[in-house]
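What follows is a single structure, written as structure tokens, with notes after it.
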Amino acid sequence: MKKYKNFNFIMGVILTGLVVLIAIIGCFYTPYDPDAMDAVAKNSGISMDHWMGCDNFGRDIFSRIMEGIRNTFLISLFTVAIGTIVGVLIGAVTGYFGGWLDEILMRINDALFAFPSVLLALVVISLLGTGMFRVTLALGIAFIPSFARIVRSEIKKQVTQDYVESAKLMGAGNFRIIFVHILPNILPVLLSSIMIGFNNAVLAEAGLSYLGIGVQPPDASLGRMLSEAQSFLFSMPWYALFPGTVIVIMVLGFALMAEGITQAQMK
Amino acid sequence: MLLEIKQLTIEFHDHLVPETVVKNVTMSMEEGEIVGIVGESGSGKSMTALSVAGLLPRKDMKKKGEIWFEGQELLSLPRKELRLLQGDEIGMIFQEPMTALNPTMKIGKQVEESLYLHRDLSRTERRELALSWLEKVELNDSERVYESYPHELSGGMRQRVMIAAAMVAGPKLLIADEPTTALDVTVQAQIIQLLKKINEKNNTAILFISHDLSLVKDLCDRVYVMKDGEVVEHGKSEDVFYHPMEDYTKQLIAAIPVIDLEQD
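Which chain is which? The protein sequence lines are A and B, in order. Residues 1 to 267 in this note's numbering are what the first sequence spells out, letter by letter. Residues 268 to 531 in this note's numbering are what the second sequence spells out, letter by letter.
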């Protein structure tokens, strides 16, 4: 297919692949135990023993980044999954059937949409409490409205097409028309919004953890590490530099993939 | 009697004043018969056809009268039971073959759709039947067409695919809503020939809607002429064409361009 010849897409895949690879390796092997403290190595800089130095508790930053990528990545993945699945269902139903159901669901959607998603996640977390699972759920709920809106408008566009009429005429049911006939036609749009959504999820998770309500210590996440590093920005800048760089690479990778998909659509 | 429309009236209620698009239309079709409906844009011919196909949107619209198809009254039939007829007993082809096919689905899957919905066949049986119909609509290289996407085919080929998709489950009635309007003249003639052949071989009744009286004359046994939602004239197509009774029919016939070879 055309989009694989796309420079942006390939770069995106390489960057994301690199980050995912590190996260996968981190599941089986880390140079040090990410939570193990070492009083001797405390605040030590970059060395052969500790590639990215150690933090204020003497924990190996490289090992913690390996664990942090995994947590951040999983949270973002499931956040986007919740947002996409529920968003597609709501968007499909409202876009396809219209009527009063559409009105009600879309007004609720508007109300949710009026809050910034991080703020919305804050509200949900304050109701549910913290922890990885709850943070994912909170972010997922916050991500539903934007997906629902995109899917709804795309489905509305497709419903008037002749091929939908012709599928109806062959006796296909509504469910089959929506998911077998229409959905593949909105996939390119959906795919690039999933990519962008993933980026936002990475940043939102980092934001929540930075605020101290995301992943709880001693677990590592990229945002959590950034927030811990804040106090040592001048004395040990590498502590903030490395997790920050990884976030940039992750976001850049997905942004490039989204860009690549959009370009392939335009051709 | 295969199809009988009795006193069909269709009103739109989406404006303050209701608009009647079809008035008291009565028509009938025998099995295996080719019947034409002619008329200008807005004469209600497509509305009549769509209501037979059960494709008219339910809201904002009032339908009176009866449509009898094989002993079932279609207007009062619940959507679930209507769906059993659609694609199985009634097939339809559209004006725009460019948009009537799903751009993201392979041709083969689209031809098989009504088999998937109405017949209990295995994947290979469906494939064989679809391939045989792609051959029957004179698409050479049917294996390749089966694996293609719509954008890889020309307009004429897509209309053939549409016909194959509509015919694959063996419907008794095929509704053709201006199937040749979007095609150029030579392809038009081929499609008309193809419809004729399908009618002869399968004894499929065809309801052919067109604004082109000359096409209707070539293809149809009988013809209904519609104007402003009403049937103004009907009869054997040759009678109507050569001995029109109504002024409107005469105007329609006069509107057919004649190529005068003796000019200059």
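Cβ coordinates follow ideal geometry from the N, Cα and C atoms, glycine included. In this text, all values refer to a predicted model and were calculated from it rather than measured experimentally.
Assuming residue i and residue j make a contact with CB atoms under 8 Å, what is their CB distance in whole Å?
i	j	result
Leu482(B)	Thr447(B)	7 Å
Leu368(B)	Glu405(B)	Contact flag wrong, Cβ pair sits at about 18 Å.
Thr130(A)	Gly223(A)	The Cβ separation is near 13 Å, so there is no contact.
Gly197(A)	Gly83(A)	6 Å
Val251(A)	Asn199(A)	5 Å
Met359(B)	Asp444(B)	7 Å
Phe232(A)	Asn56(A)	6 Å
Trp238(A)	Gly53(A)	5 Å
Gln273(A)	Thr366(B)	Chain A is shown only over 1 to 267; residue 273(A) falls outside these bounds and no answer can be derived.
Gly496(B)	Ser310(B)	7 Å
Ala472(B)	Glu298(B)	6 Å
Phe97(A)	Gly140(A)	No, Phe97(A) and Gly140(A) are not in contact; Cβ-Cβ is about 24 Å, not under 8 Å.
Do the CB positions of residue i and residue j come within less than 7 Å of each other?
i	j	result
Phe361(B)	Leu270(B)	no
Lys484(B)	Ser504(B)	yes
Val292(B)	Val492(B)	no
Glu363(B)	Asp488(B)	no
Leu486(B)	Ile459(B)	yes
Gly253(A)	Gly12(A)	yes
Ser76(A)	Glu205(A)	yes
Met95(A)	Ile150(A)	Checking the sequence, you will find Gly at residue 95(A) rather than Met. No, Cβ-Cβ distance for Gly95(A) and Ile150(A) is not below 7 Å.
Tyr515(B)	Lys494(B)	yes
Met66(A)	Ile14(A)	no
Gly99(A)	Ser221(A)	no
Val80(A)	Ala240(A)	no
Pro218(A)	Asp33(A)	no
Ile357(B)	Leu440(B)	yes
Gly332(B)	Leu275(B)	yes
His501(B)	Glu307(B)	no
Ile334(B)	Leu342(B)	yes
Val498(B)	Glu513(B)	no
Met281(A)	Met257(A)	With chain A represented from 1 up to 267, any question about residue 281(A) goes unanswered, as that position is not in the structure.
Enumerate in chain order the residues of its own chain whose CB-to-CB distance from residue i is below 7 Å, with the five nearest sequence positions on each side excluded.
i	result
Met1(A)	Because Met1(A) carries a pLDDT of 48, less than 50, the predicted location of this residue cannot be relied on, and no value is offered for it.
Pro31(A)	Asp60, Phe62, Ser63
Trp51(A)	Phe62
Glu286(B)	Glu278, Phe279
Phe242(A)	Met52, Ile61, Ile65
Ser409(B)	Leu398, Leu401, Glu402
Between residue i and the rest of its own chain, which residues show a CB-CB distance below 6 Å, the 5 nearest in sequence each way excluded?
i	result
Met314(B)	Ile277, Val288, Val289
Ser227(A)	Tyr210
Asp355(B)	His385, Ala436
Gly303(B)	Phe475, Val483, Cys487, Val490
Ile442(B)	Ala316, Ala320, Met359, Leu474
Leu519(B)	Leu480
Leu120(A)	Ala142
Arg393(B)	Glu379, Leu382
Asp102(A)	Thr94
Ile186(A)	Glu154
Ile271(A)	Lying outside 1 to 267, the shown extent of chain A, residue 271(A) is not represented and no answer is given.
Thr271(A)	Outside the shown range of chain A, which is 1 to 267, sits residue 271(A), and nothing can be said about it.
Tell me which same chain residues have a C-beta within less than 8 Å of the C-beta of residue i, skipping the five on either side of it?
i	result
Gln455(B)	Thr447, Leu482
Asn6(A)	Gly260, Gln263, Ala264
Val248(A)	none
Lys3(A)	The pLDDT assigned to Lys3(A) is 45, lower than 50, so where the model puts this residue is not dependable, and the model offers no usable value.
Leu388(B)	Leu382, Leu396
Gly45(A)	Gly53, Met236, Trp238
Phe113(A)	Pro145, Ser146, Arg149
Every unbroken alpha helix (DSSP H) inside the segment 99-132 of chain A [4 residues or more] = If we require 4 residues or more, the alpha helix (DSSP H) runs fully inside the segment 99-132 of chain A come out as 99-113, 117-128.
Do the segment 380-399 of chain B and the segment 459-473 of chain B touch if we need at least three Cβ pairs shorter than 8 Å?
-> Using a C-beta cut-off of 8 Å, the segment 380-399 of chain B makes no contact with the segment 459-473 of chain B, since fewer than three inter-stretch Cβ pairs fall below that distance.
Specify whether the segment 119-126 of chain A and the segment 179-190 of chain A touch according to this definition: at least 3 beta carbon pairs, one from each stretch, less than 8 Å apart.
-> No: fewer than three Cβ pairs fall under 8 Å.
Within the segment 350-431 of chain B, note down every full alpha helix (DSSP H) run reaching 4 residues or more, in order along the chain.
-> Entirely contained in the segment 350-431 of chain B, the alpha helix (DSSP H) runs reaching 4 residues are, in chain order, 374-385, 390-403, 409-413.
Pick out the complete beta strand (DSSP E) segments inside the segment 184-239 of chain A, 3 residues or longer, and give them in chain order.
-> Listed in chain order, there is nothing to give.
At least three beta-carbon pairs within less than 8 Å, the segment 138-155 of chain A to the segment 87-104 of chain A = Output reads yes: the segment 87-104 of chain A touches the segment 138-155 of chain A.
Does the pairing of the segment 363-375 of chain B with the segment 407-423 of chain B give three or more beta-carbon distances under 8 Å?
-> Here the segment 363-375 of chain B lies against the segment 407-423 of chain B, with 3 or more beta-carbon pairs under 8 Å apart.
Is the segment 161-176 of chain A touching the segment 98-106 of chain A, taking contact as three or more C-beta pairs under 8 Å?
-> Counting Cβ pairs under 8 Å, fewer than three are found: no touch.
Is the number of C-beta pairs between the segment 421-434 of chain B and the segment 393-401 of chain B that are closer than 8 Å three or more?
-> The segment 421-434 of chain B vs the segment 393-401 of chain B: in contact.
Can you list, in chain order, the stretches of the beta strand (DSSP E) that have 3 or more residues and sit fully within the segment 487-515 of chain B?
-> As summarised for the segment 487-515 of chain B, the continuous beta strand (DSSP E) elements at least 3 residues long and confined to that stretch are 489-494, 497-503, given in chain order.
Entirely enclosed alpha helix (DSSP H) segments - the segment 58-83 of chain A, minimum 4 residues | Here no run is fully enclosed.
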